[in-house]
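Beneath this line is the structure, given in structure tokens, with notes to follow.
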Amino acid sequence: MADTVQHYLEDMVPELENLEERGIISKAERISIVKKRTRFEYSLRRRQPHKIDFLRYIEYEMNLDTLIKKRRGRMEFKNKELRKFSRGDLAGRRRISLIFERAVRRFHGDISLWLQYAEYARQSDSPRVLSRIFARALQLHPAKPQLWIHAAAWEFEENGNIVAARAMMQRGLRFNAESKELWLEYFKLELAHVEVIRRRRIVLGVDGSKSANTAAQQQRDHEDTAMSDGEDELKHDEIAFDTADAGEPATKEHQEMIQQTASGAAQAASNPYLEGAVAKIVYQCAAKAIPRDLAFRKKFLDVYSKFTGHENGCAEIYESIAADFPTDVSARALLAEQYIDGVNPDTAAFVEGLRKCAQAYSGAVKDINSGEIRERHIVFLLQQLLNSKEQAVRTYLIAAIRKALKEAHSQQQMTPEIYLQWAQFAGNTLQDAHQALEAVVEGTQRFPTNEKLWFARLAAVPAETRPNECRVALEACPGSLKLWEQALDTAEALWREDVLSQDDVEQAYMDAILRTAGLLDSATPDAASLCTRMQLRYLEWALAHTGITGLRRIVKHVARVVPASKAFYDRCLEIERAQLAPANDHEARERIVWLFDRSLSSDATCEDTWLAFIQWHLDAGRFGQAADTYSKAERVLGDRAGFAARYQAVLGGSRG
1 MADTVQHYLE DMVPELENLE ERGIISKAER ISIVKKRTRF EYSLRRRQPH KIDFLRYIEY
61 EMNLDTLIKK RRGRMEFKNK ELRKFSRGDL AGRRRISLIF ERAVRRFHGD ISLWLQYAEY
121 ARQSDSPRVL SRIFARALQL HPAKPQLWIH AAAWEFEENG NIVAARAMMQ RGLRFNAESK
181 ELWLEYFKLE LAHVEVIRRR RIVLGVDGSK SANTAAQQQR DHEDTAMSDG EDELKHDEIA
241 FDTADAGEPA TKEHQEMIQQ TASGAAQAAS NPYLEGAVAK IVYQCAAKAI PRDLAFRKKF
301 LDVYSKFTGH ENGCAEIYES IAADFPTDVS ARALLAEQYI DGVNPDTAAF VEGLRKCAQA
361 YSGAVKDINS GEIRERHIVF LLQQLLNSKE QAVRTYLIAA IRKALKEAHS QQQMTPEIYL
421 QWAQFAGNTL QDAHQALEAV VEGTQRFPTN EKLWFARLAA VPAETRPNEC RVALEACPGS
481 LKLWEQALDT AEALWREDVL SQDDVEQAYM DAILRTAGLL DSATPDAASL CTRMQLRYLE
541 WALAHTGITG LRRIVKHVAR VVPASKAFYD RCLEIERAQL APANDHEARE RIVWLFDRSL
601 SSDATCEDTW LAFIQWHLDA GRFGQAADTY SKAERVLGDR AGFAARYQAV LGGSRG
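So the sequence shown is residues 1 to 656, counted in full-length UniProt numbering.
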């Protein structure tokens with residue numbers, strides 16, 4: 001190890017001496033650099049080096065290289081000799097690259113490390129190094145889409161080489177035919193290149209709507225599209241090859257389309273490539289590779305939205321969704337809402353779009369005929385009503401919502417969400433509280449176990465009838481924590497307003513505890529936690545409003561009528577021990593012993609409770625009772641070495 005470290009340190013001597021001779025660093029700084037590098041080198045040479053050791057070393061070298069560059073830049077103004085190239089000028093970059101090399105050799109499976117290395121090479125303007133990095137990384141990790149995407153992005157954005165970028169994407173898809181990210185990035189790449197060509201044509205003054213009349217303009221057209229000529233021919237060859245590799249042979253129609261694109265690329269008046277023909281083919285291949293994923297298709301529309309002039313491409317995606325997802329509710333909703341996507345609500349086009357949306361939703365309701373599609377339709381209309389300010393549009397939407405609600409009701413296709421939206425529409429838009437209440441009452445009758453509907457109903461009824469409504473709700477949903485909380489909140493609020501007495505509130509809490517305890521033997525999920533929550537809430541309310549005396553009475557009553565939880569008794573212990581009763585208070589001691597016994601009867605395997613019981617005896621000087629409690633714990637817990645060790649620690653603390 002020492003020999004290797006010494007070798008690395010000796011390599012840096014000439015560069016440091018060069019920097020010192022030129023006055024960029026001082027002797028003290030040179031010594032400090034050597035010491036720090038020595039520590040880093042030894043950390044890298046240990047038996048199991050960590051990734052963080054390499055990263056810290058790299059960070060130090062980057063900071064040092066930045067500092068040297070700044071100093072050299074300032075000193076060049078004073079000393080022209082420093083402008084001459086010297087061996088120390090590239091030493092920092094070379095050393096950082098060397099550390100990265102050692103890191104990726106040691107952690108060759110770490111993708112993030114490869115990407116960090118590539119990013120450093122890109123920032124350092126080292127294209128050859130970067131090319132080698134991507135080549136090695138992709139050879140080791142061909143199934144990692146991120147690497148292919150970064151490599152293609154570098155080729156396109158930094159080198160301006162669309163051919164290499166496209167080839168990189170297609171090779172990546174051979175290994176990752178079902179990678180959604182890779183398909184989307186390939187699609188985005190083709191659209192980005194079309195955007196570049198279009199902008200170049202604008203700069204060159206090429207009008208795509210007119211024929212090229214002059215020889216000079218024809219030459220410019222040829223220069224603009226020469227790249228796309230070669231690219232489209234490549235696309236023809238590689239798309240067919242790649243899709244065949246993936247088990248999806250390219251169709252004859254696709255090949256003919258690409259041939260037409262390539263042959264017409266030099267004609268400025270009608271250029272399929274500039275209309276996104278290749279991007280369309282990428283989408284078609286992606287849809288074949290990942291056929292039944294609507295969310296994936298929608299992401300292509302999102303990509304299109306970032307570029308201009310691709311309405312035909314969007315239309316093709318919508319057509320494919322309509323063909324492949326004819327009975328999917330989300331797909332039909334997407335198809336219906338396309339007509340107002342991105343349209344200004346204050347324009348006439350928006351009104352026309354709404355009309356088309358209504359027609360599309362009508363067709364979807366007729367084809368699917370379910371409550372779910374009706375729900376999507378009504379929610380869509382309500383959202384548009386919320387966003388619209390034009391009175392004529394609002395009038396149209398209100399009429400459409402009423403019609404949709406009436407049809408859903410008459411066809412017995414109401415859903416809980418439709419009832420909620422109906423109540424919201426009646427209360428907020430129509431200002432009809434009676435109709436809003438009717439909607440949620442009917443909804444709870446149709447869907448008696450729906451929490452949201454009951455909450456909406458409780459919010460709609462008058463305050464004086466709310467306790468009775470809470471009881472009705474809890475009859476239907478006895479396992480709903482939120483409804484129990486609402487019922488108790490209502491009782492407390494009415495008590496504060498002197499509508500209910502304190503006895504009424506206590507009775508409400510006991511009803512909650514008894515009824516939730518009755519769920520313990522049922523199949524109600526989370527019944528135990530619900531029961532515990534009611535008991536603890538009653539405890540906190542009693543402590544705040546009845547005092548310690550009332551709380552003790554309530555604790556005895558709860559313990560007598562239901563199997564109270566361990567958490568309930570543990571909280572009681574906290575409260576009692578906080579009362580700081582005198583040491584000779586026999587009643588206080590008996591209460592605490594009783595609470596410890598009840599807590600342990602709920603869970604006798606809890607070591608913490610046994611140790612707390614023992615510690616309490618020791619603190620009061622009752623060493624005999626502490627020993628008896630420990631013996632009892634041993635019988636219950638069995639031979640547990642860990643418990644014995646913790647008990648000895650408790651004894652040691654008490655003696656101390």
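Cβ coordinates follow ideal geometry from the N, Cα and C atoms, glycine included.
- Annotation note: the region 584-623 contains the following uninterrupted alpha helix (DSSP H) runs of length 4 or greater, listed N- to C-terminal: 586-602, 607-619.
- If the five residues before and after Ala512 are omitted, its C-beta is found closer than 6 Å to the C-beta atoms of Trp484, Met534, all from its own chain and listed in chain order.
- When the Cα atoms are used, Arg74 and Leu67 turn out to be separated by approximately 11 Å.
- Annotation: Ser370 to Pro326 spans about 14 Å, alpha carbon to alpha carbon.
- Looking at Leu204, Leu184, Phe156, Val206, the one whose alpha-carbon comes closest to that of His193 is Phe156.
- The distance from the Cβ of Ala360 to that of Leu335 is about 6 Å, consistent with a contact at the 8 Å cut-off.
- For Leu405, the closest of Arg571, Asn312, Ile373 by C-alpha to C-alpha distance is Ile373.
- Around the beta carbon of Ala408, 16 or more other beta carbons sit within 10 angstroms, so the residue counts as buried.
- The continuous alpha helix (DSSP H) containing His377 extends over residues 371-387.
- With a cutoff of 7 Å on beta-carbon distance, Ala121 and Ile133 are scored as near each other.
- By the Cβ rule, the region 504-523 counts as touching the region 552-571, because three or more pairs are nearer than 8 Å.
- Taking every protein chain shown into account, the CB of Asp498 has fewer than 16 other CB atoms within 10 angstroms, so this residue is exposed.
- According to the DSSP assignment, Gly547 belongs to the alpha helix (DSSP H) that extends over 547-561.
- With a threshold of 16 other beta carbon atoms within 10 Å, Thr609 meets it and is buried.
- Under the 8 Å Cβ criterion, the region 182-192 counts as touching the region 288-305, having at least three qualifying pairs.
- With fewer than 16 other Cβ atoms from the protein chains shown falling within 10 Å of its own Cβ, Ile548 counts as exposed.
- Close CB contacts of Arg394 within its chain, under the 7 Å cut and outside five residues either way in sequence, are with Leu385, Ser388 (chain order).
- Remark: C-beta atoms of Leu488 and Phe307 do not approach each other more closely than 7 Å.
- The beta carbon of Ile554 is closer than 8 Å to those of Glu506, Tyr538, Leu539, Ala542, Thr546 in its chain, skipping five residues each way along the sequence.
- When rounded, the separation of the alpha-carbon atoms in Asp619 and Leu536 is 28 Å.
- Restricted to the region 267-302, not a single beta strand (DSSP E) segment is unbroken, complete and at least 3 residues in length.
- Take Ala626, set aside five residues on each side of it, and the residues of its chain with a beta-carbon closer than 6 Å to its own are Ile614, His617, Leu618, in chain order.
- Using a Cβ distance threshold of 7 Å, Ala177 and Ala289 count as a contacting pair.
- Sorting Ala28, Arg22, Glu41, Val104 by C-alpha distance to the C-alpha of Asp11 places Glu41 at the top.
- Within the same chain, Leu294, Ile321, Phe325 come within 7 Å of Ala331 by CB-CB distance, once the 5 residues on both sides are set aside.
- Listed in chain order, the non-local C-beta contacts of Leu595 below 7 Å within the same chain comprise Tyr569, Cys572, Leu573, Glu576, local neighbours out to five positions each way being set aside.
- With a cutoff of 7 Å on beta-carbon distance, Trp495 and Ala473 are scored as not near each other.
- When the beta-carbon positions are compared, Val650 and Leu611 come within less than 7 Å of each other.
- In chain order, Ala604 place their CB closer than 7 Å to the CB of Val636, counting only its own chain and leaving out the 5 sequence neighbours on each side.
- Around the beta-carbon of Glu417, 16 or more other beta-carbon atoms lie within 10 Å, marking it buried.
- When rounded, the separation of the alpha-carbon atoms in Asp125 and Ile378 is 56 Å.
- Per DSSP, Lys144 lies in no alpha helix (DSSP H) and is assigned neither H nor E.
- With fewer than 16 other Cβ atoms from the protein chains shown falling within 10 Å of its own Cβ, Arg128 counts as exposed.
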